[in-house]
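Student: In my numbering, the protein residues as written are 12 to 249.
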Amino acid sequence: MSTIVANLGTDRARRLRAALTALLAVAVAVGAPFYFAPFQVFQLTMVLLYAVALAGLNLLVGFGGQISLGHGAFFAAGAYTAAVMLDRYDTGHLATLPVAAVGCFLLGLGFGVPALRLRGLYLALVTLSFAVFLPPLLKRLEPVTGGSMGLTVDKLQPPAWSGLAEDQWMYLVVLAVTVVALLLARNLLRSRVGRALLALRDNESAAEVMGVRLSLHKTLAFAWSASFAGVAGCLYTG
12 MSTIVANLGT DRARRLRAAL TALLAVAVAV GAPFYFAPFQ VFQLTMVLLY AVALAGLNLL
72 VGFGGQISLG HGAFFAAGAY TAAVMLDRYD TGHLATLPVA AVGCFLLGLG FGVPALRLRG
132 LYLALVTLSF AVFLPPLLKR LEPVTGGSMG LTVDKLQPPA WSGLAEDQWM YLVVLAVTVV
192 ALLLARNLLR SRVGRALLAL RDNESAAEVM GVRLSLHKTL AFAWSASFAG VAGCLYTG
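Structure follows, in structure tokens:
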């Protein structure tokens with residue numbers, strides 16, 4: 012009985028420490044833009060932005076066991092999606108996020124299908140070729156992408172009621188999106204999709220015997236990973 016009580020007390024103390032640590036981390040993260048200089052705030056924003064892209068790449072490489080050297084292309088696709096919407100259709104910055112996420116998800120889904128039969132070095136070369144092929148394509152689509160000159164878009168402006176500078180507001184928006192993206196990645200890995208990816212990474216033959224559909228989950232890994240990269244690219248335009 013005493014052992015059970017001791018274990019319950021240890022679990023409660025562990026949860027309390029975790030909650031306090033999380034609250035401290037949130038306080039430090041939220042307070043950072045009010046303490047550092049604007050350029051340092053910009054650097055912290057870029058760190059958070061790349062964390063979103065790396066969270067998606069981790070789904071594909073770390074948990075899916077696949078290789079991708081072309082995720083910069085999905086990043087660029089998300090950035091251009093946001094830029095075109097802002098420049099051509101005068102859309103709000105935050106409204107471009109779901110469009111970039113869905114668009115890059117579909118792009119990753121389409122790219123994942125032909126990559127199903129490839130692995131290792133061959134898969135790396137195919138993904139690298141995608142990253143090499145995209146910049147010249149974007150330059151040739153000058154009526155849409157602006158060609159070599161690109162597109163000029165306005166920065167994300169803070170609301171008047173906030174009293175924040177542009178760099179502070181941008182940091183807080185990227186921080187919020189990063190937290191949501193990391194929580195989504197965490198929940199995804201704890202779901203059936205995440206367990207299937209782990210099974211595929213460890214042993215594809217055993218996973219297939221256990222009923223895991225290899226083609227479906229490999230393609231979904233590419234799609235989710237591309238979606239995260241697209242969101243990061245969308246934030247980059249801000």
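From the three backbone atoms N, C-alpha and C, an ideal C-beta is built for every residue, glycine too.
These figures come from a predicted structure and were not determined experimentally.
Rank 82, 225, 247, 182 by C-alpha distance to the C-alpha of residue 140 and give the top, closest one.
Tutor: 82
Student: Report yes if the CB atom of residue 66 is closer than 8 Å to the CB atom of residue 239, and no otherwise.
Tutor: Yes; because the gap between Cβ atoms is below 8 Å, this pair is in contact.
Student: The alpha helix (DSSP H) spanning residue 99 covers which residue range?
Tutor: Counting along the chain, the alpha helix (DSSP H) containing residue 99 begins and ends at 82–99.
Student: Taking 8 Å as the cut-off, does the region 194–205 touch the region 22–36 (at least 3 CB pairs, one atom from each stretch)?
Tutor: no
Student: Compute the distance between the beta-carbons of residue 93 and residue 118, then report whether it is under 8 Å.
Tutor: no
Student: With distances taken Cα to Cα, identify the nearest neighbour of residue 237 among 132, 79, 248.
Tutor: 79
Student: I need the DSSP call for residue 51, collapsed to helix, strand or coil.
Tutor: Reduced to three states, the DSSP call for residue 51 is helix.
Student: Please list the terminal residues of the continuous alpha helix (DSSP H) segment that includes residue 122.
Tutor: 107–123
Student: Quick one: Cα of residue 63 to Cα of residue 24, how far?
Tutor: 31 Å
Student: Identify, in the order they occur along the chain, each residue of the same chain with its Cβ nearer than 7 Å to the Cβ of residue 155, setting aside the five sequence neighbours on each side.
Tutor: 95
Student: In whole angstroms, what separates the C-alpha of residue 134 from that of residue 144?
Tutor: Each residue's Cα considered, the two are about 15 Å apart.
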